[in-house]
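Here's the structure, in structure tokens; my notes come after.
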Amino acid sequence: MKKAEIQGQLWGKSPNGWAEVQEPLHKPLWEAMLNATNVGPGMVLLDVGCGSGGSSILASERGAEVHGIDVAEALLSFAILRVPKGVFKVADIENLPYEDDTFDVIFAANSLQYSENRVAALHELKRVCKPNGQIIAGLFGEPDKVDYRVVFKAVRDTMPEPPKGGGPFELSVSNKLASLFAEAGLTNIASGEVNCPFEYANFETFWYGNVSAGPFQSMLQLVSENELKSAVKEAVNPFRLEDGRILIPQNIFKYVYANI
-6 MKKAEIQGQL WGKSPNGWAE VQEPLHKPLW EAMLNATNVG PGMVLLDVGC
44 GSGGSSILAS ERGAEVHGID VAEALLSFAI LRVPKGVFKV ADIENLPYED
94 DTFDVIFAAN SLQYSENRVA ALHELKRVCK PNGQIIAGLF GEPDKVDYRV
144 VFKAVRDTMP EPPKGGGPFE LSVSNKLASL FAEAGLTNIA SGEVNCPFEY
194 ANFETFWYGN VSAGPFQSML QLVSENELKS AVKEAVNPFR LEDGRILIPQ
244 NIFKYVYANI
């Protein structure tokens, strides 16, 4: 089974928690990326890995014509309802169902890292981007700037064996993401950072939102939910406020963008 199909199944297992709780916490990242690319009226934007449509809503509100793809059909069902004027398809970032030179802006928040071949994915994004268009990708920043890293550590520590691959910060270190852009032949590369504080009404809300994510669903194939939940609860306990809310105050995300 291709990686895109696996990711589609994982992210589609429990879409409500992601759509209702976790995805909206990335709004500062989306706003920063839309500002960096000056998204506005008359522009045609492709939201790659659009999920339940949070970023697509913002792009549409700015007057852009929005198209979106995701590997999880269950998440797309939310996007279709939330952005009635948008056009959404189940598709893989490495095999886009569009003609060459179609979009003014290619917007990829929290999606490029899940592709099987990142450089090939960037080449495909470049193919469908118009001349003088822009490609932008965003994801977690360097680990020491991300308080949420304690959650990743707790998840990793519950695993029978260390997870394969480079982990959630593989593209976050140093200039890794910018280097991938350059390797794909993109030029005029720039970057920025933004903080996305994660706040939840209580731990149960935290769990509802986080366990819906694809990486959590993957881990649940290896360990019990009770074991994983207990480990994560202990990890986020330092971020619990007196009223029971969970506030993880610093989660720096980075974004890299380039002109075609």
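Per this note's numbering, the sequence shown starts with residue -6, numbered consecutively.
Note that CB positions come from ideal geometry on N, CA and C, so glycine has one too.
- A residue is called buried when at least 16 other Cβ atoms come within 10 angstroms of its Cβ; Lys247 meets this threshold and is buried.
- Leu38 is positioned such that its CB atom lies no closer than 8 Å to that of Ala25.
- Taking 3 residues as the minimum length, the region 133 to 167 contains no beta strand (DSSP E) run wholly inside it.
- Residue Ala114 holds the alpha-carbon nearest to the alpha-carbon of Ala(-3) among Ala114, Glu13, Gly134, Ile253.
- Of the candidates Asn9, Glu13, Asp40, Asp40 places its Cα closest to the Cα of Trp23.
- Leaving aside the five residues that flank His19 on each side, the residues in its chain whose CB is nearer than 6 Å to its CB run, in chain order, Cys189.
- Taking all protein chains in view, the Cβ of Leu74 is surrounded by fewer than 16 other Cβ atoms within 10 Å, so the residue is classified as exposed.
- Counting only runs of 4+ residues, the alpha helix (DSSP H) found wholly inside the region 191 to 232 occupies 196 to 203, 207 to 212, 218 to 229, in chain order.
- For Asp94, the CB contacts under 6 Å within the same chain, skipping 5 residues up- and downstream, are Lys123 in chain order.
- Two segments are said to touch when three or more pairs of C-beta atoms, one from each, lie closer than 8 Å; by this definition the region 212 to 221 does not touch the region 170 to 187.
- Comparing alpha carbon positions, the residue from Pro153, Ser108, Ile128 closest to Ile(-1) is Ser108.
- Spanning the alpha carbons of Thr30 and Gly44 requires a straight line of approximately 20 Å.
- Here Lys247 is bridged, per DSSP, to Leu132, Glu186.
- In the three-state reduction of the DSSP assignment, Gly44 falls in the coil class.
- Note: Val83 is bridge-paired with Asp63 in the DSSP secondary-structure output.
- Rounded to whole angstroms, the separation of the alpha carbons of Ala72 and Val166 is 31 Å.
- Collapsing the DSSP output to three states places Ala177 in coil.
- With the rule of 3 Cβ pairs closer than 8 Å, the region 129 to 143 counts as touching the region 96 to 106.
- CA-CA distance, Gln2 to Ala65, rounds to 7 Å.
- A straight-line Cα-Cα distance of about 30 Å links Glu16 and Asn125.
- Scanning Thr198, Pro242, Glu117, Gln210 for the CA closest to the CA of Phe174 turns up Glu117.
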